[in-house]
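One structure below.
And the structure:
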């Protein structure tokens with residue numbers, strides 16, 4: 099019998115504190131930085147984002163998203179036999195946020211580890227979980243993307259601080275006799291490290307270097323659009339499918355222009371593209387599972403439909419996953 103993996107439940111968490119563009123414009127003005135709602139919307143498509151409270155950790159948001167996904171799948175935490183958390187903003191240097199989440203869930207004993215591929219992290223984590231299930235090393239995996247990017251932002255830099263938000267998304271991935279994940283495609287190119295990074299590090303008991311997010315927006319845009327199209331087509335080719343067969347594309351929610359450009363290259367109408375960047379901003383590794391859960395719970399994405407997930411992130415990393423819901 100051929101073993102496959104299928105998503106059986108989705109969940110998400112958004113911090114209660116919602117920051118509109120008007121809120122952010124006022125905050126930045128108080129610090130002497132000028133911007134406007136129009137400037138932000140025209141360049142990014144973002145109208146609002148959510149910021150976590152100071153006492154909320156990455157694992158706290160992951161826990162809430164995981165519980166919603168488990169409830170949707172009809173599973174108990176004790177049935178989980180693999181936990182993967184994609185994050186660039188962990189609770190600690192170590193242990194992994196996955197181990198901290200495992201303890202909070204009470205799912206102790208199974209493998210638990212983090213994946214660090216920035217905004218592509220959830221795609222990487224889902225692909226690893228699929229491989230482990232197909233190999234017979236797990237039967238019920240929890241894959242989470244959770245980020246508190248608000249803590250990496252330099253609010254003196256309007257080109258980056260308006261882009262990001264906090265949140266978490268999760269899926270339960272289970273072994274199945276029916277195909278779920280059909281194909282995947284992962285890549286990285288380290289020569290582009292400098293165009294999107296947080297170059298600081300911990301040494302001698304202090305954070306040294308620059309602890310804020312740095313991005314060359316034009317370079318990221320040019321790379322992202324081309325690489326996302328190539329990855330999408332590679333994944334579709336592996337499954338013997340055309341883009342026209344897709345019911346939905348759920349892209350990384352970085353920038354509406356990147357999303358629109360990728361859809362055009364794939365000849366996909368925007369009516370088939372899930373868009374949440376306007377309300378969530380860029381939540382890095384959380385953005386794809388957040389958008390997927392939103393689409394499932396709103397009735398957009400339905401059981402049996404064919405969905406393409408895709409993302410790019412610092413590293414430079416990129417990839418895609420094709421699946422049947």
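Numbering (my numbering), first residue to last: 99 to 423.
We put the beta carbon where it would ideally sit given N, CA and C, even for glycine.
Treat the numbers as computed from the prediction; the structure is a model and nothing was measured.
It is roughly 29 Å from the alpha-carbon of residue 105 to the alpha-carbon of residue 355. Distances from the alpha-carbon of residue 256 to those of 289, 137, 405, 112 put 137 closest. In this structure, the straight-line span from the alpha carbon of residue 410 to that of residue 224 is close to 14 Å.
A residue is called buried when at least 16 other Cβ atoms come within 10 angstroms of its Cβ; residue 149 meets this threshold and is buried.
In this chain, the beta strand (DSSP E) harbouring residue 238 covers 238–246. Burial state of residue 147 is buried, judged by a 10 Å Cβ sphere holding 16 or more other Cβ atoms. In this model, residue 314 and residue 100 are separated by some 45 Å (Cα to Cα). Non-local C-beta neighbours of residue 391 in its own chain, meaning closer than 7 Å and more than five positions away in sequence, comprise 108, 109, 110, 267, ordered along the chain. According to the DSSP assignment, residue 211 belongs to the beta strand (DSSP E) that extends over 210–213. Taking a contact as a CB-CB distance under 8 Å, the pair residue 310 and residue 300 does not count as one, their CB atoms being some 15 Å apart. Going by C-alpha positions, residue 103 is about 15 Å away from residue 182. Taking a contact to require three or more Cβ pairs closer than 8 Å, the segment 211–224 and the segment 177–191 qualify as touching. Across the structure, residue 292 and residue 154 are spaced so that their CA atoms are roughly 29 Å apart. Between residue 264 and residue 401, the CB-CB gap reaches or exceeds 7 Å.
For the 7 Å CB-CB criterion, residue 246 and residue 145 do not form a contact. The DSSP assignment places 102–111, 116–118, 146–148 as complete runs of the beta strand (DSSP E) inside the segment 99–172, in order along the chain (cut-off: 3 residues).
For residue 386, the enclosing alpha helix (DSSP H) has its first and last residue at 385–395. With a cutoff of 7 Å on beta-carbon distance, residue 335 and residue 418 are scored as not near each other.
Judged by DSSP secondary structure, residue 329 falls within the alpha helix (DSSP H) whose first and last residues are 315–336. Residue environment analysis places residue 367 among the exposed positions, since fewer than 16 neighbouring C-beta atoms fall within 10 angstroms of its C-beta. Residue 371 has 347 as its beta-bridge partners, per DSSP. For residue 308, there is no enclosing alpha helix (DSSP H), as DSSP gives it neither H nor E.
Where residue 228 is concerned, the enclosing alpha helix (DSSP H) starts and stops at 219–232.
Taking the CA atoms as reference points, residue 319 sits about 14 Å from residue 143. Between residue 342 and residue 131, the alpha-carbon positions lie close to 45 Å from each other. At least 7 Å separates the beta-carbon of residue 211 from that of residue 229. Nearest C-alpha to residue 244 among 412, 408, 413, 388: 388. For residue 134, same chain residues with a beta-carbon under 7 Å away, outside a window of 5 residues either side, are 123 in chain order.
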